[in-house]
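Take a look at the structure below.
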Ligand SMILES: Nc1ncnc2c1ncn2[C@@H]1O[C@H](COP(=O)(O)OP(=O)(O)OP(=O)(O)O)[C@@H](O)[C@H]1O
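Set out below in structure tokens:
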């Protein structure tokens with residue numbers, strides 16, 4: 001199978017600011033201003049056409065940052081992402097303009113993807129049918145529930161037929177019937193050799209749908225392999241992590257971040 005996504009040494013660094021003045025200084029000063037925070041550090045992996053890769057990791061491990069980078073929405077600080085074809089991100093909180101109606105959002109998103117007015121007129125009914133949100137399609141998106149936003153986002157993303165699909169928690173909201181409809185569509189994509197990245201807090205959803213798993217821990221790749229290889233270890237880790245007190249969890253995080261720093265110094 002041909003490679004469809006090649007992520008090489010991707011690092012995403014944010015500056016931590018507590019005040020607007022710090023943010024301004026960060027823009028003005030050539031060296032920037034603020035404490036460095038690494039959401040991703042030296043992330044490398046490859047995916048092939050037809051791969052369905054689950055991205056797992058505890059809160060704050062960098063899953064959303066990585067999905068935004070794969071989808072080309074956020075640039076990496078250093079490192080490269082090569083993708084073969086068009087990428088589309090489905091996330092509950094992204095991609096839709098809250099002030100515009102659902103219908104206007106469809107038009108805007110399709111125009112941004114380079115579709116002509118004529119093509120959009122053809123796609124629009126298909127998207128509206130998939131989203132199935134009734135009269136809300138002509139209401140501003142700010143009035144939507146998170147489930148409705150996800151339905152519209154999903155409708156747009158699957159109808160424009162991307163080569164690479166990134167689904168960030170979009171199936172965690174909404175009802176089971178809609179989720180099943182999305183799974184059918186994703187299975188169809190899988191059969192057609194498209195690459196899918198899937199993020200979900202539901203281990204059940206992960207195991208049902210993904211063949212490979214990328215395990216992130218505090219911005220680094222902890223493991224990458226088949227779902228059968230990764231999930232038993234991840235589940236065990238989760239169980240142990242959840243059994244820790246908040247203080248122990250904080251200590252664990254600090255220890256892991258310290259290890260990362262010393263690894264960098266050694267490299
Ligand atoms: N714009 C930003 N500025 C500063 N820090 C950020 C920014 N975006 C994300 N982060 C930080 O980067 C880290 C990774 O965040 P990210 O949302 O990618 O993790 P996640 O694994 O998706 O978490 P969750 O499971 O809670 O959604 C977090 O500590 C987060 O606070």
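Numbering (full-length UniProt numbering), first residue to last: 1 to 267. We put the CB at the ideal spot given by N, CA and C, even for glycine.
query                                                                                                                                                              : result
Distance, Cα to Cα, residue 140 vs residue 111?                                                                                                                    : 19 Å
Looking only at C-alpha atoms, which of 179, 239, 118 sits nearest to residue 131?                                                                                 : 179
Report the rounded CA-to-CA distance for residue 138 versus residue 102, giving the unit in angstroms.                                                             : 6 Å
Does the distance between the C-beta of residue 59 and the nearest non-hydrogen atom of ligand 1 fall short of 6 Å?                                                : yes
Restricting to Cα atoms, I'd like to know which of 163, 217, 159 is closest to residue 254.                                                                        : 217
Do the stretch 241 to 255 and the stretch 221 to 231 make contact, defined as three or more Cβ pairs closer than 8 Å?                                              : no
For residue 131, report the span of its beta strand (DSSP E) as first-last.                                                                                        : Counting along the chain, residue 131 falls outside any beta strand (DSSP E), though it belongs to the alpha helix (DSSP H) covering 117 to 131.
Give the DSSP-derived three-state secondary structure of residue 105 in the structure shown.                                                                       : helix
What separation, rounded to the nearest whole angstrom, lies between the Cα atoms of residue 46 and residue 4?                                                     : 8 Å
Leaving out five residues on either side along the sequence, give the residues of the same chain with a beta carbon under 7 Å from the beta carbon of residue 106. : 124, 127, 156
In three-state DSSP terms, what is residue 36?                                                                                                                     : strand
Within 10 angstroms of the Cβ of residue 168, are there 16 or more other Cβ atoms? Answer buried if so, exposed if not.                                            : buried
Taking 7 Å as the threshold (C-beta atoms), are residue 87 and residue 162 in contact?                                                                             : yes
Tell me, please, which residues DSSP counts as bridged to residue 275.                                                                                             : Here the chain covers residues 1 to 267 and nothing more, so residue 275 does not appear.
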